[in-house]
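Peer 1: These protein sequence lines map, in sequence, to chains A and B. Numbers 0 to 216, taken from numbering that gives the first Met the number 0, label the letters of the first sequence in order. Numbers 0 to 982, taken from numbering that gives the first Met the number 0, label the letters of the second sequence in order. Cβ atoms here follow ideal geometry from the backbone N, Cα and C, with glycine treated the same way. Dumping the structure here so I can ask a few things about it.
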Amino acid sequence: MAAIFGPAANLASKVFLLLAAAALPGGMLLWWRWPKTDYARNRREAVAQPVPFSHQHHVAGLGIDCRFCHASVEVSSNAGLPPTYTCMTCHSQIWTKAALLAPVRESLITGIPIVWRRVTDLPDYVYFNHSIHIAKGVGCESCHGEVATMALTYKAKALTMKFCLDCHRNPGPRLRPKSAIFDTKWHRTADTPSPATLLGIYHVPDRNLTDCSLCHR
Amino acid sequence: MSSLNTRSDRLWRSLEEAAAEPGFLASVAQEFPQLAASLGKPVDRRQVLKLMGAVLIMNGLQACGSKFGGELIPAVKIPPNIIPAMPNFYASAHVLDGYASGIVVKHNMGRPIKVDGNPNHPASLGAADVFAQAQLLDFYDPDRAAGLSRQGIPSDRASLEKALEAQRSALSGSGGTGLRLLTGTVTSPTLAGRIDAVLERYPEARWVSWDPISRSGVRQGAALAYGRPLETRLRLERADVLVAIDGDLFDTDPGRSRHARDFSSRRNPSRTAEMSRVYAIESTPTLLGSVADHRFIAGPAEIIGITAAMADLILGSSAADSGAAQGRAMAGVPPWLGPMVADMKAARGRVFMHIGASQPPRIHALAHAINEALGARGETFELIEPVAHMSGRQQELRELIADMQGHRVESLLILDSNPVYAAPADWGYAEALRQVPFSLALSRRADETGRSATWFVPRAHDWEAWSDARAYDGTAGVLQPQSLPLYDGMSELELLGRYIESAPADSEAAVRATWQARMTGDFEIRWREALAAGVIPGSASPTSHAALRAAPARTSPELPGGGADALSVLFRADPSLWDGRFANNPWLQELPRPLTKLVWDNPLLISPALAHELELHNGDVARLSIGQASVLAPVWILPGQARHCITALLGSGRRFAGSIGDGQGVDYTPLLALPGTPKLTKTSGHVDLASTVHHNLLLETPPEILRHGTLAEYRANPRFAADSDHEPHLYRTVPPGPAVWAMSVDLNACIGCNACVIACQAENNISVVGKSEVLREREMHWLRIDRYFEGSATAPQSFLQPVLCMHCEEAPCENVCPVGATVHDAEGLNVMVYNRCVGTRFCSNNCPYKVRRFNFFAYGREQYRPAESWNPDVTVRARGVMEKCSYCLQRIAEARIAADRDSLPVGEVKTACQVACPTQAFTFGNLADPSSAVSQRKQSPLDYAMLEKQNTRPRTTYEALVRNPNPAIAADLPPPAPGRAPA
């Protein structure tokens, strides 16, 4: 009677056993790593917008300040998005015929706003306030990344609760001098005041910055 | 009911509790009575496994969704003064039956999201009543009529304009013969001007001013006493003795918020030198009666006799005629009358006698005479020139109906009035309307009248058009639009203008023109100041110096017929729905009525004795008939109701209110204004009535919950209510943060008006759940007002206590949460982290105050309101999440951020309930600052902690209630003889 299993079956069974042994840790690894991937967190993925606005061109190229468009960032929880009128301050003079800017001109003519797609989003139960972070020396770049290098805007940081807490637990090293808050290329150098000095300059209050009630309400 | 013999040393909420019925006690002893129904029907194992599998899959599906977080829509051009996510505030006024109360509307990105009172306005002083606050939902109501219609068929403005043009030419020819205007009370100077202009243009036209909740008794009474319908401006802060007969000072009086504020300034003996004394004599419990020092129950007929007897004692026997003598015989001169009148006389010049608006004119006239005789005029009240507009060409509604029936009405213009529903059915308005060739109804919705008139035109909401209105003291304010119109509505001013000319001045120009003629100085500046402040300075009605007309006022009233045991029915405004105009407002429908705690319903309120006589229980359906007309309605037994008196609340049973209000409750209008003796008979029916009276019941001993005493006890020992335990505490008691938040609630101030409950609901995005869910004890209000009784079932004392999260320092809820979803923060707040909550409900189980609310369903998603009407600063809670009072954490956060931004100590924070409260019962603030208001209130000798023995160290404490009974009466106030109480 011929053998039921040929010699190749030895190999197949070994491979199967190895795979079976790898499946459990592999699955666990996937379970653990998957939510942390850029894909799952929407990081580094440019969002299609009605107008392919380039921060790189406007900020790095032309040197426009963040606050020219995001005007309420220092006073309100919401940084604000530029109204059509802000775009048209320049684009009524330059690139007046550009096809790319047709939606902006149309918005001005019809009075119907441009609908942008959100790039950075926090869950509805998180209440982030831009103004207090700016006032206390947190730069735009700390959360939004190097926007000045983005041809198309994408989410640069994880913006998970851990991301927030890392800073809230030890804010000093993340603070920067007032002149560098809107500078997305700034990096800590030897001349930068120490974290303790910065905490003092900004009067970072002596409160528990990890209280749930600070962000959740 | 097994027994009504209650122990006087107990607080009780309902007769079932007072009688300690075993079945009732067993049901409330359960932690989650709402689960009893499900636990009674066990599910088999297979079913459980199936459901668990479904839950697993659906939870997985919930994780699916769009990868990107939605859209951002910036404005094309940002209007001036609008900063994203920063609120704007605009003053306006809320007008109810003509009288205005100042409001300030909070806007988010141009959309109204909250209504507060206007501190500049004399009728508000910063407080806003439930109607003013709830008009937010009326504004956003998806059921508001979107377009005009002619005989039920959608039409357009051009056709309306053509029809109005035909009207103009026809009426011009005939001098306005057959033209009638029907409105409510009008105080708006601009609208009054337009009405006068129409009457001038058409000399034969007539104007009818009619309100379902009538104040004509007050006006006619003043006319009897003074020759003209003068109005009164009260100075309750000066009244040492206040006597209210069938009082509606806090319920329906046009100045109710202001009266409550003035009244409360004399009620806390730790802050006022001389505490006032309040007597209430009434047939059905009112807000004033429930906080009075003495509340005497008298049937409607007895009240007339009592007033006549008081007139005898105060004005001298010359006032007495046969009617008064008869009255005295009937009332039997109750033993308390003498001491009360002596008290009134002793407080000469510091006394005020108030008569409810539903009393007949002669009673009002008598009260004017009594007040004058006691030297009250100029001291505790002033007479002022009439605030409501009047004209020599006015007609009563009944005269109008007669004209309509006699085909003498050619053209009827109904402005924001709904007589087809609200007028007494017996008058036959609805049938008479069919005889009118041209009728036009300008209504908020396609309501009963709107559907019966030839033309229906949607009325612009007060926030969509310009107008003006005067307050109870005559102070005028401008109503400015808060938004562009959501629907194609028309204002009264615009429509009346079109009756005069084809292109009248628009409403803004008309209102400006009114005030341009009356303001001095640079008009543009004055106008802008008036808009910003919400009031026009110096516009209050002048004091009248009219002298009392001796003869007519002293005529005693006639007594109504019927014997002492004859039933009587009182028709009153619903505390939430008024005359029915708010029936489509879910906040108001689900607002527990102050004294019954009923929601979504309006049963007949009957006395315990009558219930015993007819063997009626709560929810039993009875037939109430007067003559041929009858209505089937459930009954609710209300302790403190006069024995043979039935109260029917108007405003329910609407047929065309909208999807929320249609068919809710019972319509009593078929019984209105009928002569004859009412009869109540039991039927076999029973309906479940949703009342929150037993929900969140605390079964501890009374001093642990609500402490109260008399002024004499307070004088003997000011700290009679103080906590006993002052030992140093072993564990942390002072939070480490820079601020320590706390609240003090003054029980002496609370009048139970519910303004705080609606304010909390609006501020904190609290869902409405509907009647069936309330029956399962799932209402979501974070702040409730508990109402307790003490004493006998027929004539109990009542007490009110607002209860909200105590933010315990040693919070029992925190210890049992398995996921750390409810934790303490560094500023002493007991915070609820919704995104951590998994819905075990252990915290609610362990909360001794029963202030936690659970989202059994995704109530937040199912609310009948657009997304932009929510408060953007507060999470809309998801299904399966616990929630509770957060001390308005969003307001604390806002103050904290503003202070930190400028590196200053945190400033004043006011919670929503505190702002809305007309009597300033709530004080909130930073306990770490010894100069803060809350620190000072906590120093009050009356300060005590609720359920102090639980050792929870609550941050919300109460100031004990002190009442000021007349010693001469208090001595002989035993509960009524047992024979009167059913056994």
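By how many angstroms is the C-alpha of B/Pro-811 removed from the C-alpha of B/Pro-847?
Peer 2: Cα to Cα, the separation comes out at about 8 Å.
Peer 1: Which residues does DSSP pair with B/Cys-644 in a beta bridge?
Peer 2: DSSP, once it has assigned bridges, lists B/Ser-567 as partnering B/Cys-644.
Peer 1: For B/Ala-238, count the other beta carbons within 10 Å of its own beta carbon; 16 or more makes it buried, fewer makes it exposed. Which is it?
Peer 2: With 16 or more other Cβ atoms within 10 Å, it is buried.
Peer 1: Residues of the region 68-83 of chain B with a CB closer than 9 Å to any CB of chain A: list them in chain order, please.
Peer 2: Result list: Gly-68, Gly-69, Glu-70, Leu-71, Ile-72, Pro-73, Ala-74, Val-75, Lys-76, Ile-77, Ile-82, Pro-83.
Peer 1: How would you list, in chain order, the residues of chain A whose beta-carbon sits under 9 Å from the beta-carbon of B/Gly-736?
Peer 2: Going along chain A in sequence order, the residues near B/Gly-736 (Cβ under 9 Å) are Asp-205, Arg-206, Asn-207, Asp-210.
Peer 1: In three-state DSSP terms, what is B/Arg-860?
Peer 2: Three-state result, B/Arg-860: helix.
Peer 1: Mind checking which residues open and close the alpha helix (DSSP H) that includes B/Val-773?
Peer 2: Counting along the chain, the alpha helix (DSSP H) containing B/Val-773 begins and ends at 770-774.
Peer 1: What do you get for B/Ser-321, buried or exposed, if any count of 16 or more other CB atoms within 10 angstroms of its CB means buried?
Peer 2: The pLDDT assigned to B/Ser-321 is 45, lower than 50, so where the model puts this residue is not dependable, and the model offers no usable value.
Peer 1: When the Cβ atoms of the region 154-166 of chain B are set against those of the region 70-78 of chain B, are three or more pairs found closer than 8 Å?
Peer 2: Contact between the region 154-166 of chain B and the region 70-78 of chain B is absent, because fewer than three Cβ pairs lie under 8 Å.
Peer 1: Whole angstroms is fine: what's the gap from B/Ser-100's alpha carbon to B/Cys-759's?
Peer 2: When rounded, the distance between both Cα atoms is 20 Å.
Peer 1: In terms of residues, what are the limits of the alpha helix (DSSP H) holding B/Asp-1000?
Peer 2: With chain B running from 0 to 982 in the structure shown, residue 1000 of chain B is simply not present.
Peer 1: Is it true that the CB of B/Tyr-863 sits closer than 9 Å to the CB of B/Pro-141?
Peer 2: Yes, they are a contact pair.
Peer 1: Taking C-beta pairs closer than 7 Å, name the residues in chain A that B/Leu-55 reaches, listed in chain order.
Peer 2: Neighbours of B/Leu-55 on chain A: none; closest Cβ ~16 Å, over 7 Å.
Peer 1: Between which two residues does the beta strand (DSSP E) holding B/Val-350 run?
Peer 2: Residues 350-354.
Peer 1: Pick from B/Leu-233, B/Pro-284, B/Thr-474, B/Ala-470: whose alpha carbon is nearest that of B/Gly-377?
Peer 2: The option with the nearest alpha carbon to B/Gly-377 is B/Leu-233.
Peer 1: For A/His-57, which option in A/Pro-49, A/Phe-67, A/Gly-110 has the closest C-alpha, if you only look at C-alpha atoms?
Peer 2: It is A/Phe-67.
Peer 1: State buried or exposed for B/His-544, treating a residue as buried only when at least 16 other CB atoms are found within 10 Å of its CB.
Peer 2: Classification of B/His-544: exposed, given that the 10 Å Cβ count is below 16.
Peer 1: Within 9 Å of any Cβ in chain B, is that where the Cβ of A/His-202 sits?
Peer 2: True, the Cβ-Cβ gap to chain B drops below 9 Å.
Peer 1: On the criterion of 16 or more Cβ atoms from any shown chain inside 10 Å, does B/Asn-716 qualify as buried, or is it exposed?
Peer 2: Flag for B/Asn-716 reads exposed.
Peer 1: With which residues is B/Gln-938 paired in a DSSP beta bridge?
Peer 2: Beta-bridge pairing links B/Gln-938 to no other residue.
Peer 1: Short check: CB of B/Thr-922 to CB of B/Val-744, under 9 Å?
Peer 2: For B/Thr-922 and B/Val-744, yes; Cβs fall inside 9 Å.
Peer 1: Please state the DSSP three-state secondary structure of B/Ser-466.
Peer 2: Here B/Ser-466 sits in strand by DSSP.
Peer 1: Is the Cβ-Cβ distance between B/Leu-170 and B/Leu-178 less than 9 Å?
Peer 2: Yes, the pair counts as a contact, with Cβ atoms nearer than the cut-off.
Peer 1: Throw me the rounded Cβ distance for the B/Pro-78 and B/Gly-109 pair, which I believe falls under 8 Å.
Peer 2: Yes, they are in contact, since the Cβ atoms of B/Pro-78 and B/Gly-109 sit about 7 Å apart, within 8 Å.
Peer 1: Just reading off the beta strand (DSSP E) that B/Val-634 is part of, what are its end residues?
Peer 2: 628-636 is the extent of the beta strand (DSSP E) around B/Val-634.
Peer 1: So with Cβ pairs under 9 Å, would you call B/Arg-527 a contact of chain A?
Peer 2: Closer than 9 Å: no.
Peer 1: In this structure, how does DSSP classify A/Trp-185 when only helix, strand and coil are distinguished?
Peer 2: If DSSP states are grouped into helix, strand and coil, A/Trp-185 belongs with coil.
Peer 1: Express the C-alpha separation of B/Arg-443 and B/Ser-540 in angstroms, rounding to a whole number.
Peer 2: Those two C-alpha atoms are separated by around 30 Å.
Peer 1: Closer than 9 Å between beta carbons: that is the criterion. Which residues of the region 95-126 of chain A meet it against chain D?
Peer 2: Checking the listed chains, one finds no chain D in this structure; the protein chains it contains are A and B.
Peer 1: Any idea what DSSP makes of B/Lys-681, helix, strand or coil?
Peer 2: In this structure, B/Lys-681 counts as strand in the three-state DSSP scheme.
Peer 1: Hey, would you say A/Ala-78 sits closer than 9 Å to B/Pro-83, going by beta carbons?
Peer 2: In this structure, B/Pro-83 lies closer than 9 Å to A/Ala-78 by Cβ.
Peer 1: Within 10 Å of its beta-carbon, does B/Tyr-201 have 16 or more other beta-carbons around it, so buried, or fewer, so exposed?
Peer 2: Burial call: buried.
Peer 1: Considering only the alpha carbon of each residue, which of B/Phe-855, B/Leu-828, B/Ala-915 lies closest to B/Gly-769?
Peer 2: For B/Gly-769, the nearest C-alpha among the options comes from B/Phe-855.
Peer 1: Quick one: is A/His-215 near chain B, going by C-beta distance under 9 Å?
Peer 2: At least one chain B Cβ lies under 9 Å of A/His-215.
Peer 1: Would you call the CB atoms of B/Val-914 and B/Asn-925 closer than 9 Å?
Peer 2: Contact: no.
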